[in-house]
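Enquirer:
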Amino acid sequence: MSMVLLVGGAGFIGSHTAVELIGQGYEVVVADNLSNSDASVIDRIAEITGVRPEFYCADAADRGDMEEIFGAHAFDAVIHFGGKKSVNESVSDPISYYRNNIDTTLTLLELMKEYGCSRMIFSSSAAVYGDASDAPYSETAPAGECANPYGRTKYMIEQILTDAAAADPELSVVMLRYFNPAGAHESGLIGERPAGEPNNLMSYVLQVASGEREAQPVFGDDYPTPDGTGVRDYIHITDLAKGHVTALRYAMEHTGAEIVNLGTGTGYSVLDVIKTFERVNGVKIPYVIAERRPGDVAVSYSDPSKAQRLFGWRAEKTLDDMCRDAWSWQQKQKKDG
Ligand code: WQD
Numbered sequence: 003m004s005m006v007l008l009v010g011g012a013g014f015i016g017s018h019t020a021v022e023l024i025g026q027g028y029e030v031v032v033a034d035n036l037s038n039s040d041a042s043v044i045d046r047i048a049e050i051t052g053v054r055p056e057f058y059c060a061d062a063a064d065r066g067d068m069e070e071i072f073g074a075h076a077f078d079a080v081i082h083f084g085g086k087k088s089v090n091e092s093v094s095d096p097i098s099y100y101r102n103n104i105d106t107t108l109t110l111l112e113l114m115k116e117y118g119c120s121r122m123i124f125s126s127s128a129a130v131y132g133d134a135s136d137a138p139y140s141e142t143a144p145a146g147e148c149a150n151p152y153g154r155t156k157y158m159i160e161q162i163l164t165d166a167a168a169a170d171p172e173l174s175v176v177m178l179r180y181f182n183p184a185g186a187h188e189s190g191l192i193g194e195r196p197a198g199e200p201n202n203l204m205s206y207v208l209q210v211a212s213g214e215r216e217a218q219p220v221f222g223d224d225y226p227t228p229d230g231t232g233v234r235d236y237i238h239i240t241d242l243a244k245g246h247v248t249a250l251r252y253a254m255e256h257t258g259a260e261i262v263n264l265g266t267g268t269g270y271s272v273l274d275v276i277k278t279f280e281r282v283n284g285v286k287i288p289y290v291i292a293e294r295r296p297g298d299v300a301v302s303y304s305d306p307s308k309a310q311r312l313f314g315w316r317a318e319k320t321l322d323d324m325c326r327d328a329w330s331w332q333q334k335q336k337k338d339g
């Protein structure tokens, strides 16, 4: 069976993808610098799957760290989740975002070439679409006019990978543009751990539901949407993880570069999320209408048809599932201290 290196594999999307890959019989090696994750995630992956992935605490921008890992295994593919992902932080500290997100990618590409690994799946983002056109976004929609440095690093890396694939006929690159990942593994054993105050809607809702925060701020209720609040394409983290497995299968059989959206194709408003969470979990989410958040677009959702066409993949879980699974993860964490 194929051997896959998951860079950033202890993070939110990486850990769920590790679970799905192991479930499909792949051999998984995780490299993570633990800057925004915890080594206990590896225990949780082992608990869910019955298989403990080999783990390296390693920085993907550090050639020495990565050489040791590449030297010890013959990887069939690399899945590159190893990046900084806070939109706010990218605005206040853009240099660290360009340095980290681009450096890690270049180091990985160099080592893949050196060690004869020719497939990469990359975590890109719907943030590359910016505000240049209207949803639904298909992969051919204008991209690159990003609202923040985080999105720009993703767009730049897409260009780097496209150039690299054009120059090397052996290379296979799939760039996945994620919409809004939410939820947690249904076991409640792995999920998102926001560092500090959460930026993302679902992470914040969880803290309001558990009483850590008083009220959910709703950033604007005067958008041109049915209820005035922002609309997004929330996708269950398990669906997203399965999307990586199908992308990997595709990359095994094709060369060249592909950009593929991973979303459900359905948009929900902020109030839809709050009301669904309340209904599914039987908890109250007090909310207050606040100012619009700078850089937000009114509506973002995907045209997911390319993933269906290329990979035979589509999202299966609902917003109800995302709210239920996120809440059981949150409660389990509290119980475990
Ligand atoms: C969703 C909606 C907010 C918080 C960002 C990145 C994207 C990806 C996911 C990765 C918007 C509203 C939010 C709150 C609110 N990045 N909101 N109150 O901005 O669509 O996407 O996260 O790691 O690349 O751009 O996600 O969850 O922050 O916001 O009203 O407390 O919820 O205005 O309409 P976003 P989000």
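Using our numbering, the first residue of the sequence shown is number 3, and each one after it goes up by one. Ideal Cβ positions, reconstructed from N, Cα and C, are used throughout, including at glycine. Values in this document were obtained by computation on a predicted structure and should not be read as measured data.
1) What do you get for Asp34, buried or exposed, if any count of 16 or more other CB atoms within 10 angstroms of its CB means buried?
2) My assumption, with CB atoms under 8 Å, is that Thr231 sits in contact with Gly185. Please give the rounded CB distance.
3) Use the C-beta contact count for Asp61: other C-beta atoms within 10 angstroms, 16 or more gives buried, fewer gives exposed.
4) Spell out the partners DSSP gives Pro196 in its beta bridges.
5) Considering only C-alpha positions, which residue in the set Pro219, Asp274 and Met114 is nearest to Arg234?
6) Based on DSSP bridge pairs, tell me the residues matched to Ala259.
7) Could you tell me whether the stretch 240 to 253 touches the stretch 167 to 178, where touching means 3 or more Cβ pairs closer than 8 Å?
8) Does the stretch 244 to 256 come close enough to the stretch 307 to 314 that 3 or more CB-CB pairs lie under 8 Å?
9) Could you check the C-alpha separation between Asn102 and Tyr289 for me, to the nearest Å?
10) Does ligand 1 have a heavy atom nearer than 8 Å to the CB of Gln218?
11) Measuring straight from C-alpha to C-alpha, what distance separates Leu163 and Val285?
12) If you check the beta carbons only, do Thr19 and Leu7 fall under 9 Å apart?
13) Looking at the structure shown, is Tyr139 part of a helix, part of a strand, or coil, going by DSSP?
14) Of the choices Asn90, Met68 and Ser140, whose alpha-carbon is the least far from that of Lys115?
15) Kindly indicate if chain B contains any beta-carbon less than 9 Å away from that of Thr266.
16) Could you tell me if the beta carbon of Gly232 falls within a distance shorter than 8 Å of some heavy atom in ligand 1?
17) Taking DSSP's pairing of strands, which residues face Met122 in a bridge?
Expert: Quick answer:
1) The sequence position of residue 34 within the sequence shown is 32, counting from 1. Flag for Asp34 reads buried.
2) Position 229 of the sequence shown, counted from the first residue, corresponds to residue 231. Position 183 of the sequence shown, counted from the first residue, corresponds to residue 185. Rounded, the Cβ-Cβ distance is 20 Å, inconsistent with contact.
3) The residue you call residue 61 lines up with position 59 of the sequence shown. Buried, since its Cβ has 16 or more Cβ neighbours within 10 Å.
4) Position 194 of the sequence shown holds residue 196. Beta-bridge pairing links Pro196 to no other residue.
5) Taking the sequence shown and counting its residues from 1, one reaches residue 234 at position 232. For Arg234, the nearest C-alpha among the options comes from Asp274.
6) Translated into the one-based positions of the sequence shown, residue 259 becomes position 257. Per DSSP, Val175.
7) Cβ pair count under 8 Å is three or more, so yes.
8) yes
9) Within the sequence shown, numbered from 1, the residue matching residue 102 stands at position 100. Within the sequence shown, numbered from 1, the residue matching residue 289 stands at position 287. Cα to Cα, the separation comes out at about 36 Å.
10) Within the sequence shown, numbered from 1, the residue matching residue 218 stands at position 216. Result yes, Cβ under 8 Å from ligand 1.
11) Counted from its first residue, the sequence shown places residue 163 at position 161. Counted from its first residue, the sequence shown places residue 285 at position 283. Put simply, the backbone Cα of Leu163 is about 45 Å away from that of Val285.
12) The count along the sequence shown starts at 1 and reaches residue 19 at position 17. The count along the sequence shown starts at 1 and reaches residue 7 at position 5. Not a contact, by the Cβ cut-off of 9 Å.
13) For the purposes of this step, residue 139 is identified with residue 137 of the sequence shown, where counting begins at 1. Of the three classes helix, strand and coil, the one that applies to Tyr139 here is strand, per DSSP.
14) Taking the sequence shown and counting its residues from 1, one reaches residue 115 at position 113. For the residues Asn90, Met68 and Ser140, the minimum Cα distance to Lys115 belongs to Met68.
15) Of the protein chains in the structure, only one exists, and it is not chain B.
16) Stepping through the sequence shown from its first residue, residue 232 is reached at position 230. Under cutoff, so the answer is yes.
17) Along the sequence shown, read from residue 1 onward, the residue named residue 122 stands at position 120. Per DSSP, Val80 and Val175.
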